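S.K.:
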Amino acid sequence: ERFFDANRTMMQNMLDINRSLFEFVDARFKSDVAAFDELCKCKDWQEASKVQARFMSNLTQQYFDQTMKLTEAATKMLASQRAATRD
6 ERFFDANRTM MQNMLDINRS LFEFVDARFK SDVAAFDELC KCKDWQEASK VQARFMSNLT
66 QQYFDQTMKL TEAATKMLAS QRAATRD
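So this is what it looks like as structure tokens:
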């Protein structure tokens, strides 16, 4: 039974990670489309440069945040697997 509990826990954790990745990719895609739309509306290079700088700042923050979420999820998964299989 302990084996099945460990597998069930692991599968739930993997599902949570996959869901988080899907949500991240969805948000990134929407951000990319919005930035492209903004760039298309720019009237000069200075405006385009500001849009690009804001886009890169947001992109960097979103990747950092997602990395932290994945690190926390992996740590949680390892801890729960360790607890489930401990004698």
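Mapping of the sequence shown onto the numbering used here: position 14 corresponds to residue 19, and the numbering continues sequentially without gaps.
Ideal Cβ placement from N, Cα and C applies to all residues, glycine included.
Note that the structure is predicted; figures quoted are calculated from it, not measured.
Taking buried to mean at least 16 other C-beta atoms within 10 Å of its own C-beta, is residue 38 buried or exposed?
M.R.: Counting Cβ neighbours within 10 Å, residue 38 comes out exposed, since fewer than 16 surround it.
S.K.: In chain order, what residues of the same chain lie with their CB nearer than 7 angstroms to the CB of residue 45, ignoring the 5 residues before and after it?
M.R.: Closer than 7 angstroms at Cβ, skipping near neighbours: no residue.
S.K.: Using the rule of at least 16 other Cβ atoms within 10 Å of the residue's Cβ for burial, across every protein chain shown, is residue 56 buried or exposed?
M.R.: Flag for residue 56 reads buried.
S.K.: Is the beta carbon of residue 25 less than 8 angstroms from the beta carbon of residue 74?
M.R.: Yes, the pair counts as a contact, with Cβ atoms nearer than the cut-off.
S.K.: Leaving out the 5 sequence neighbours to the left and right, which residues in its chain are closer than 6 angstroms to residue 40 when beta-carbon positions are compared?
M.R.: Counting only Cβ-Cβ distances below 6 angstroms, and skipping sequence neighbours, we find 60.
S.K.: Three-state secondary structure (DSSP) at residue 6?
M.R.: It is coil, neither helix nor strand.
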